[in-house]
Amino acid sequence: MTDRRKIKQLIKFWIALAAIFVIAGYGAFQAKDLAMGPQIEVTFPATGTLSGESLVEIRGTAKNISRLSLNGDKIFTDEEGRWSETVLLSYGYNIMTLEANDRFGRTEKRTLELIYK
-17 MTDRRKIKQL IKFWIALAAI FVIAGYGAFQ AKDLAMGPQI EVTFPATGTL SGESLVEIRG
43 TAKNISRLSL NGDKIFTDEE GRWSETVLLS YGYNIMTLEA NDRFGRTEKR TLELIYK
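When you line the sequence shown up against our numbering, it's residues -17 to 99, in that order.
#1: Tell me Val4's beta-bridge partners as DSSP assigns them.
#2: To the nearest angstrom, how far is the alpha carbon of Gly87 from that of Lys(-6)?
#3: Evaluate Leu(-1) with the Cβ neighbour count: other Cβ atoms within 10 Å of its Cβ, from every protein chain shown; 16 or more gives buried, anything less gives exposed.
#4: Have a look at Thr89, Thr68, Gly9 and flag the residue whose alpha-carbon is nearest the alpha-carbon of Glu39.
#5: Tell me where the beta strand (DSSP E) around Leu52 begins and ends.
#6: Does the segment 49 to 62 touch the segment 24 to 39, meaning 3 or more C-beta pairs lie closer than 8 Å?
#7: Nearest to Glu35 by alpha carbon, out of Ser72, Ala82, Leu94?
#8: Tell me the residue span of the beta strand (DSSP E) that contains Gly42.
#9: State the Cα-Cα distance for the pair Thr(-16) and Ile5, rounded to the nearest angstrom.
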């Protein structure tokens, strides 16, 4: 075998190996969010907040979800995962439950406690 042919085979081998590493790296990068499951974050208001208004807008973000609900009512998100919902508080202590599900059946729950005075 000539030196030129050996060099061609070596170059093909390294290109194929690099392509395999790029594909595997991309797959691992995409799978990390999948492995983490659904995630919910409430950005406003903080739990335990005292409110003087009966109508409160609750805002937050969600990742890796197929369904998001607040006290059983479905909430819709935008393309970036942001959501917003206005709720009517009753006097005193109010407990709200956010629940997110992903397509694999995993569930994440967050409880938000607000006080209306």
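Heads up, the beta-carbon is just placed ideally off N, CA and C, and yes, glycines get one too. Keep in mind it's a predicted model, so treat the numbers as computed, not measured.
The short version:
#1: Looking up residue 4 in the sequence shown gives position 22. Its beta-bridge partners do not exist; DSSP assigns none.
#2: As a working mapping, residue 87 is identified with position 105 in the sequence shown. As a working mapping, residue -6 is identified with position 12 in the sequence shown. Between Gly87 and Lys(-6), the C-alpha separation is close to 43 Å.
#3: One-based indexing of the sequence shown puts residue -1 at position 17. With fewer than 16 other Cβ atoms inside 10 Å of its own Cβ, Leu(-1) counts as exposed.
#4: For the purposes of this step, residue 39 is taken as residue 57 along the sequence shown, with counting starting at 1. Out of Thr89, Thr68, Gly9, Thr68 has the C-alpha closest to the C-alpha of Glu39.
#5: Stepping through the sequence shown from its first residue, residue 52 is reached at position 70. It spans 49 to 52 - the beta strand (DSSP E) in which Leu52 sits, taken as one unbroken run.
#6: With a cut-off of 8 Å, the segment 49 to 62 and the segment 24 to 39 do not count as touching, because too few Cβ pairs lie within range.
#7: Start at 1 with the first residue of the sequence shown, and residue 35 comes out as number 53. Considering only alpha carbons, the answer is Ser72.
#8: Position 60 of the sequence shown, counted from the first residue, corresponds to residue 42. Its beta strand (DSSP E) spans residues 37 to 45.
#9: Against the sequence shown, residue -16 aligns to sequence position 2. Against the sequence shown, residue 5 aligns to sequence position 23. Distance between the alpha carbons of Thr(-16) and Ile5: 32 Å.
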